[in-house]
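Numbering (the working numbering), first residue to last: 422 to 895.
Virtual Cβ for every residue (Gly too), placed ideally from N, Cα, C.
In this text the structure is predicted, and so the values were computed from the model without any measurement.
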């Protein structure tokens with residue numbers, strides 16, 4: 422009886438203590454998207470006294486002025502075997518093209534006031550940032566600083582996020598505080614633009630953690646944190662995992678095939694499909710074992726990207742920047758420059774990007790000779806960004822940290838009848854982009870099309886483009 426009494430006193434006392442613990446100071450504020458217009462996902466961390474109880478509040482106060490945070494929303498929290506509690510609250514009913522100010526916390530502990538701007542209804546364009554292999558080094562911090570002034574509508578990260586699992590004492594267990602350091606480092610950009618992630622090999626820690634930090638700290642859509650998708654205006658984004666089973670017949674492979682099939686059938690509403698994951702299907706990095714093109718990954722999944730007409734694939738893992746030509750099974754489908762004057766019109770195969778130059782130490786050298794499918798490659802730190810327009814164009818740029826120069830860029834055009842926004846270098850609306858040489862190229866592409874597999878929309882757009890070009894000769 423005495424033992425039971427003591428146990429009850431202990432349990433009751435623990436509950437009382439936990440109920441009276443003051444909320445911790447909010448930090449690591451970051452946004453995510455759930456793909457639903459008019460909503461925004463707000464996340465942040467608090468440092469708790471235990472790895473069991475999350476005592477801090479889950480409140481977001483927000484409004485359209487810094488002095489008028491008239492709305493509030495409550496959310497949920499999550500912990501793993503670490504003292505950081507991650508809070509997640511979804512704001513809904515947001516008005517388009519509006520700046521919202523917000524703070525997070527509760528119980529007397531509140532963050533600074535941050536802000537984000539919602540997209541216009543049917544915006545002329547959206548601007549996306551894309552990086553991988555980031556970390557907390559001085560080079561990583563420079564990348565973050567260079568990205569902060571840019572008003573990205575979304576940032577995607579293709580894995581190897583904080584490198585916490587490489588910061589341990591040699592027993593395979595990483596230093597979880599590196600996650601806290603990293604998320605505080607990116608707060609200035611992640612608090613104003615939603616960030617979405619794919620898992621990399623450095624997100625997997627030794628037991629007992631595994632992928633717990635990744636799953637706990639970052640919001641993903643759907644029921645699986647490792648492969649998921651979402652629509653963002655004119656783009657269907659697909660995040661997959663090169664760190665889990667991807668062979669035909671696996672749950673990931675089946676999910677991806679179904680998702681891409683649905684996305685390809687929805688091109689009229691969401692015309693672009695972009696895949697991102699960690700290990701690259703195409704990379705000419707010369708680092709050695711475990712790097713360069715991930716052949717097993719490519720053999721298993723590349724045909725899905727090709728069959729369902731994925732436009733762009735963004736990878737990391739190899740610490741450099743590289744761009745391929747439109748390619749499938751190492752066969753180049755278009756070897757023009759992709760420049761402003763020579764863009765990729767309906768290229769017929771995905772273009773692959775390695776964006777692993779965001780901060781982790783660059784690798785030494787490249788495979789020589791340069792493969793035929795490799796259009797451009799460079800060993801420099803920096804970040805990438807791309808603009809997708811309502812009128813059917815995509816403009817991709819790699820910006821070096823050292824001088825802020827656009828070191829590489831290319832254009833993809835889905836429709837010849839478009840009015841570019843001019844935001845990052847497009848011609849002004851109404852500029853005629855088709856000449857006789859380009860018309861001949863289009864005719865050649867029509868001859869090369871696989872009519873059995875090409876979607877009818879691509880065939881129609883191509884035929885209409887040729888017809889319009891002919892009319893100009895009359």
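Which value, in whole angstroms, describes the spacing of the CA atoms of residue i and residue j?
i, j, result
"residue 575", "residue 617", "8 Å"
"residue 431", "residue 641", "Annotation note: pLDDT 39 at residue 431 (below 50); position unreliable, no value reported."
"residue 870", "residue 732", "Note that residue 870 has pLDDT 44, beneath the 50 cutoff, so the model's placement of it is unreliable and no number is given."
"residue 655", "residue 470", "44 Å"
"residue 597", "residue 736", "25 Å"
"residue 608", "residue 584", "17 Å"
"residue 625", "residue 762", "44 Å"
"residue 751", "residue 794", "6 Å"
"residue 759", "residue 769", "13 Å"
"residue 813", "residue 764", "12 Å"
"residue 685", "residue 531", "44 Å"
"residue 674", "residue 749", "18 Å"
"residue 461", "residue 834", "30 Å"
"residue 519", "residue 753", "44 Å"
"residue 683", "residue 552", "27 Å"
"residue 861", "residue 836", "Residue placement at residue 861 is flagged as unreliable, the pLDDT there being 43, under the threshold of 50; a coordinate-derived value is accordingly withheld."
"residue 839", "residue 811", "Note that residue 839 scores 44 on pLDDT, short of 50, meaning its location in the model is unreliable; the coordinates nonetheless yield the value given after this. Those two C-alpha atoms are separated by around 9 Å."
"residue 568", "residue 661", "25 Å"
"residue 691", "residue 809", "11 Å"
"residue 565", "residue 550", "11 Å"
"residue 638", "residue 507", "6 Å"
"residue 395", "residue 555", "An answer regarding residue 395 cannot be provided, because it is not within the stretch 422 to 895 covered by the chain."
"residue 667", "residue 781", "26 Å"
"residue 450", "residue 791", "42 Å"
"residue 776", "residue 680", "24 Å"
"residue 563", "residue 741", "16 Å"
"residue 784", "residue 671", "32 Å"
"residue 665", "residue 695", "20 Å"
"residue 723", "residue 803", "27 Å"
"residue 510", "residue 629", "27 Å"
Shortest alpha-carbon distance to residue i belongs to which of the options?
i, options, result
"residue 743", "512, 716 and 702", "702"
"residue 806", "725, 799 and 830", "830"
"residue 677", "689, 697 and 692", "697"
"residue 729", "693, 821, 764 and 755", "693"
"residue 772", "797, 754 and 746", "746"
"residue 529", "565, 752, 802 and 445", "445"
"residue 707", "629, 471, 738 and 670", "738"
"residue 652", "790, 449, 458 and 491", "458"
"residue 631", "538, 802, 716 and 586", "586"
"residue 788", "726, 797 and 517", "797"
"residue 456", "615, 710, 500 and 570", "615"
"residue 657", "511, 501, 688 and 543", "688"
"residue 627", "502, 476, 468 and 755", "502"
"residue 516", "447, 527, 620 and 539", "539"
"residue 621", "466, 646 and 756", "646"
"residue 572", "557, 541, 560 and 610", "610"
"residue 604", "741, 801 and 465", "465"
"residue 497", "784, 526 and 514", "526"
"residue 490", "512, 712, 447 and 720", "512"
"residue 786", "557, 533 and 712", "712"
What first and last residue would you give for the beta strand (DSSP E) that runs through residue i?
i, result
"residue 565", "Note, residue 565: premise wrong, no beta strand (DSSP E); alpha helix (DSSP H) at 559-568."
"residue 552", "546-552"
"residue 818", "814-821"
"residue 673", "Run containing residue 673: none in the beta strand (DSSP E); it sits in the alpha helix (DSSP H), 672-685."
"residue 453", "448-453"
"residue 776", "772-776"
"residue 831", "827-834"
"residue 803", "803-810"
"residue 617", "616-618"
Which partner residues of residue i appear in the DSSP bridge assignment?
i, result
"residue 508", "465 and 498"
"residue 575", "549"
"residue 652", "657"
"residue 536", "522"
"residue 719", "Its beta-bridge partners do not exist; DSSP assigns none."
"residue 695", "658 and 733"
"residue 745", "795"
"residue 489", "486"
"residue 647", "Paired residues: none, contrary to the question."
"residue 765", "833"
"residue 480", "495 and 526"
"residue 531", "526"
"residue 706", "787"
"residue 752", "749"
Between which two residues does the alpha helix (DSSP H) holding residue i run?
i, result
"residue 610", "608-611"
"residue 637", "633-638"
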